Amino acid sequence: MSDEEALNYNPNRLLDALIDIMHLKNDAALARALEVAPPVISKIRHQKLPVGASLLIRMHEVSELSIRDLRYLMGDRRRKFRISPTHFKPDASAA
Numbered sequence: 001m002s003d004e005e006a007l008n009y010n011p012n013r014l015l016d017a018l019i020d021i022m023h024l025k026n027d028a029a030l031a032r033a034l035e036v037a038p039p040v041i042s043k044i045r046h047q048k049l050p051v052g053a054s055l056l057i058r059m060h061e062v063s064e065l066s067i068r069d070l071r072y073l074m075g076d077r078r079r080k081f082r083i084s085p086t087h088f089k090p091d092a093s094a095a
């Protein structure tokens with residue numbers, strides 16, 4: 001992630017938008033709606049934990065916002081995702 005992307009990345013916008021759109025009271029209510037533990041929301045707010053794919057899908061399911069819209073809300077403007085060529089290679093230390 002470049003410095004410019006890091007400055008734009010703000011998961012708080014996403015969390016705040018979900019609370020607003022879903023007419024929830026606070027982060028605890030959002031955690032209940034997403035079926036995650038409240039510390040998960042706190043860690044995302046403090047950028048100690050990224051918004052993972054499974055949580056993004058859950059956000060999509062409960063909010064009915066598209067994945068693209070959810071990513072846009074948190075500042076992820078990438079159009080394509082690339083997987084490293086080594087991603088699917090077996091771990092040499094496991095052999």
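For the sequence shown, UniProt numbering gives the first residue as 1, with consecutive numbering after it.
Ideal placement from N, C-alpha and C gives every residue a C-beta, glycine not left out.
This structure is a prediction, so every number in the text was calculated from the model and none was measured.
Taking the continuous alpha helix (DSSP H) assigned at residue i, which residues delimit it?
i          : result
residue 12 : 11-21
residue 40 : 38-45
What is the DSSP secondary structure of residue i, reduced to helix, strand or coil?
i          : result
residue 51 : coil
residue 26 : coil
residue 64 : coil
Excluding the five sequence neighbours on either side, which residues of its own chain have a C-beta within less than 8 Å of the C-beta of residue i, listed in chain order?
i          : result
residue 16 : none
residue 45 : 11, 12, 15 and 27
residue 23 : none
Does residue i pass the burial test, meaning 16 or more other C-beta atoms within 10 Å, or should it be called exposed?
i          : result
residue 41 : buried
residue 20 : exposed
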